[in-house]
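>
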Amino acid sequence: MSTARSTRSTSSSSSPRAGDGTTAAGDDATAAGDSARALAACVVDAMAERKAAGITVLDLRAVGGGVADFFVVATGSSNRQIRAVANAVEEDAEARFGETPWHVEGKKHLQWVVLDYVDVVVHVFSREKREYYDLERLWGDADIEHVPEEDGAAAVELLQPRRAASSS
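Residue 86 in this note's numbering sits at position 80 of the sequence shown, with consecutive numbering throughout.
Given below as structure tokens:
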């Protein structure tokens with residue numbers, strides 16, 4: 007299995023834009039981060055609609071290593087629900103963003119389904135596999151957001167870009 011990762015950025019220019027001192031590469035990184043954040047919010051929404059349990063978003067951007075920007079992790083209570091959650095994520099990501107997974111793993115046995123969208127990696131576990139692999143502990147240096155069970159729509163707010171507090 008190759009460990010090479012592709013990126014969404016298509017511009018390699020790093021020349022400053024006129025007058026503002028920012029670079030096109032910096033703009034691409036910001037756009038890619040916003041795109042990944044929006045895709046992660048879409049994933050959370052799809053999971054919540056299918057009543058997935060324990061929806062958690064791991065923000066890996068500060069951790070480094072280039073694995074992904076976000077992991078979105080959830081638990082299904084049965085093989086049928088795991089399949090439904092994974093399918094809903096795929097359908098919503100394609101409908102809303104035109105995104106299809108770069109790689110899919112685990113749909114045959116339905117114990118741990120991985121949908122790799124490069125910047126966002128989706129993990130849908132059975133209870134037993136989630137407890138065993140414990141990605142939240144493994145990636146403990148990440149910023150971790152637990153989505154409230156009763157209101158999956160609140161996840162969209164969790165994933166909104168944080169604005170710097172204004173200093174007056």
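From the three backbone atoms N, C-alpha and C, an ideal C-beta is built for every residue, glycine too.
Where DSSP assigns a beta bridge to Ile150, which residues make up the other side?
Looking at the DSSP assignment, Ile150 forms a beta bridge with Leu64.
> Helix or strand or just coil, what does DSSP make of Asp122?
In the structure shown, Asp122 sits in a strand (DSSP, three-state: E or B).
> Going by DSSP, which residues form a beta bridge with Phe103?
Per DSSP, none; premise fails for Phe103.
> What residues are listed by DSSP as bridge partners for His109?
Its beta-bridge partners are Asp122.
> Under a Cβ-count criterion, where at least 16 other Cβ atoms within 10 Å of its own Cβ denotes burial, should Leu144 be classed as buried or exposed?
With fewer than 16 Cβ atoms within 10 Å of its Cβ, Leu144 is classed as exposed.
> From Ala99 to Asp40, what does the alpha carbon distance come to, in whole angstroms?
Answer to the nearest angstrom: the Cα atoms are 15 Å apart.
> Going along the chain, which residues of its own chain have a beta-carbon closer than 8 Å to the beta-carbon of Ala52, five neighbours each way excluded?
Counting only Cβ-Cβ distances below 8 Å, and skipping sequence neighbours, we find Val91, Ala94, Val95, Glu97, Asp98, Ala99.
> Short of 7 Å in beta carbon distance, which residues of its chain neighbour Asp75, apart from the five on each side in sequence? Order them along the chain.
So the list reads Gly39, Ala42, Leu66, Arg67, Asp125, Val126, once near-sequence residues are dropped.
> May I ask you to report which of helix, strand or coil DSSP gives Ala31?
Reliability fails at Ala31, whose pLDDT of 46 lies under 50, so the model's placement of it is uncertain and the value that follows must be treated cautiously. Looking at Ala31 - three-state DSSP - the assignment turns out to be helix.
> Assign Phe103 to buried or exposed, taking buried as 16 or more other Cβ atoms, counted over all protein chains shown, within 10 Å of its Cβ.
Exposed, since its Cβ has fewer than 16 Cβ neighbours within 10 Å.
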